[in-house]
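Residue numbers (our numbering), protein chains in the order written: chain S, 2 to 321; chain H, 151 to 397.
In structure tokens form, the structure reads like this:
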């Protein structure tokens, strides 16, 4: 069996979760087995996970699992993995899986690769980005059970009409499995989180001040893109910290990264250089970012960005 | 309250990465090793602040590495802290490293174990979670704020798509990131003091590595930037659609 953790939030699954299920189904095909998705916490309509390649869904509808509790999540997932004889346990690499997947791996003594960008080969070797995207490593998992955390947006999603069989189960938790008390939650809704955004529009010091972000917001909304920023921008509190990408901020891998007024320091590139296509808009021809870009536009961002927004609008209308 | 801070060395961000032995080994010639920034700026400095505030009684540091890790751990001692231990082993496998740390922590008894959110070389972000599992402790990741009062930790953490405030009784393992503390620079007094602080070397316990790196590969080089006229954004949009196929 290939087990996949299908993370949900208030019954909603993210695209990256579907991608992980699809990835699991590809492994299942190559080793000749099925996919079982584990859902933790209250949720409905789980047979739909069959659309993405799961044959079976094990649902642990314990309300205490509605919020992330690494210890309880790990216990639940490893219990199911053992019960279902899982050969692989698949996660989507994000803040949740970073708290849970290595714990599951240690619990059942399975080797883990975090941030995989390829399917495992027959020997259990997986590719992943290392040194802030400056290289890839091929990592062999030596244990019988293998844990893989997949980099979002590296594999894609395919859907079918199939539906999955849903089985409810309960786990015998101990009181100290829920030691962490959630005092408050503040979730940003309606925006694709940066870690899994396909399109990102990012601004730097070249925009001169927070009052000038309107042009980027317009571009992002025209494109359906998520906003990001460079470190100086976050440090000056022009933009919230969760938008900061780069070495000390988030690492992203969108299909399209549009950098406006960002010079491209190596620490910034460390967070974005795995983007499939990079567009750099800068008035300084010497900006190092141009060397890492696929497309460059030299000139004044305050004029170019509105023109680009207009061009996208025209493109959308003609392709509607 | 005793704190154990996990430290790893990592190549400086500006280092050019190269490989040897048919791309199976990292070529260490010319690499400038630094304290993994998340370990230093956030977890170590916050531990020092907790000690300065009289909340922590001791700050110890641990690293799993060979003798070449010592300059980095001395630098960490120059920032502060009471003593350090180096587990004499070399491994890229998170489970192996976590087992070494957990064994040491078990014997020496800590109320709080801090790690950085991930290392900037292999990005496994796994050691803290595994140490927590091996010590059977709760684990809170991506902490941006950590306060402790009366044996209870109050923590802000980044979760998927937002932020949470948590509370949890010690003992506890926490991974730290930006927001937790401000970076410090060691001063001369710290550097002098670090020379005489205890740095104990402990033999590694026999444990398995559950993963091994087979080889490395450099990414495909970008073809070079294509410059687009600033007055022709339609051309850029066309290229993004037809050539890059990203819209």
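No residue lacks a Cβ here, since even glycine has one placed at the ideal position from N, Cα and C.
Note that this is a predicted model, so its numbers are computed, not measured.
- For residue 246 of chain S, not one C-beta of chain H is nearer than 8 Å to its own C-beta.
- Secondary structure of residue 124 of chain S (DSSP, three-state): coil.
- The Cβ-Cβ distance between residue 152 of chain S and residue 106 of chain S does not fall below 8 Å.
- With fewer than 16 neighbouring CB atoms inside 10 Å of its own CB, residue 320 of chain S falls in the exposed class.
- The closest CA to that of residue 95 of chain S, considering only S:203, S:318 and S:251, is found on S:251.
- DSSP places residue 183 of chain H within a strand segment (E or B) once states are collapsed to three.
- One finds 242, 245, 249 and 250 in chain S with Cβ atoms closer than 8 Å to the Cβ of residue 328 of chain H, taken in chain order.
- One finds 372, 374 and 375 in chain H with Cβ atoms closer than 9 Å to the Cβ of residue 292 of chain S, taken in chain order.
- By the 16-neighbour rule on beta-carbons within 10 angstroms, residue 269 of chain S is buried.
- Between the beta-carbon of residue 359 of chain H and that of residue 207 of chain H there is about 35 Å, and that puts the pair past the 8 Å contact cut.
- In the DSSP assignment, residue 211 of chain H forms a beta bridge with H:155 and H:234.
- Rounded to whole angstroms, the gap between the alpha carbons of residue 41 of chain S and residue 169 of chain S is 10 Å.
- Scanning its chain for C-beta atoms nearer than 7 Å, with the 5 sequence neighbours on each side dropped, one finds around residue 198 of chain H the residues 209, 229, 230 and 231, in chain order.
- Nearest to residue 101 of chain S by alpha-carbon distance, out of S:77, S:88 and S:86, is S:77.
- Inter-segment contact for the stretch 230-245 of chain S and the stretch 178-186 of chain S is absent: fewer than three beta-carbon pairs are separated by less than 8 Å.
- With respect to the C-alpha of residue 293 of chain H, the residue from H:191, H:152, H:178 and H:370 having the closest C-alpha is H:191.
- Counted as a single uninterrupted DSSP element, the alpha helix (DSSP H) harbouring residue 195 of chain H occupies residues 195-202.
- Take residue 272 of chain H, set aside five residues on each side of it, and the residues of its chain with a beta-carbon closer than 7 Å to its own are 242, in chain order.
- Neighbours of residue 315 of chain H in chain S, taken as residues whose beta carbon is under 7 Å from its own, are 184 and 185 in chain order.
- Counting only unbroken stretches of 3 or more residues, the beta strand (DSSP E) elements lying wholly within the stretch 174-213 of chain S are 182-188 and 200-204, in sequence order.
- Close CB contacts of residue 17 of chain S within its chain, under the 6 Å cut and outside five residues either way in sequence, are with 93, 153 and 197 (chain order).
- Judged by their CB atoms, residue 207 of chain S and residue 283 of chain S are nearer to each other than the 8 Å cut-off.
- Each of H:204, H:248 and H:239 was checked against the Cα of residue 286 of chain H, and the nearest Cα belongs to H:248.
- The Cβ-Cβ distance between residue 320 of chain H and residue 303 of chain H falls below 8 Å.
- DSSP places residue 281 of chain H within a helical segment (H, G or I) once states are collapsed to three.
- Listed by position along chain H, the residues whose Cβ is nearer than 8 Å to that of residue 16 of chain S form an empty set, because the closest Cβ is around 13 Å away.
- Within a 10 Å sphere around the beta-carbon of residue 291 of chain H sit 16 or more other beta-carbons, which makes this residue buried.
- Judged by pairs of C-beta atoms under 8 Å, the stretch 154-168 of chain H does not touch the stretch 280-298 of chain S, as fewer than three such pairs exist.
- Counted as a single uninterrupted DSSP element, the stretch harbouring residue 171 of chain S is not any alpha helix (DSSP H), since DSSP gives it neither H nor E.
- Put simply, of S:315, S:193, S:217 and S:292 the residue whose alpha carbon is nearest the alpha carbon of residue 385 of chain H is S:315.
- Closest in alpha carbon position to residue 337 of chain H, among H:224, H:163, H:219 and H:182, is H:224.
- The DSSP-derived three-state label of residue 144 of chain S is coil.
- Residue 93 of chain S: not part of any alpha helix (DSSP H); member of the beta strand (DSSP E) spanning 89-93, first to last residue.
- Within chain H, 390, 394, 396 and 397 have C-beta atoms less than 9 Å from the C-beta of residue 257 of chain S, given in sequence order.
- Residue 69 of chain S: not part of any alpha helix (DSSP H); DSSP gives it neither H nor E.
- Taking a contact as a CB-CB distance under 8 Å, the pair residue 114 of chain S and residue 171 of chain S does not count as one, their CB atoms being some 31 Å apart.
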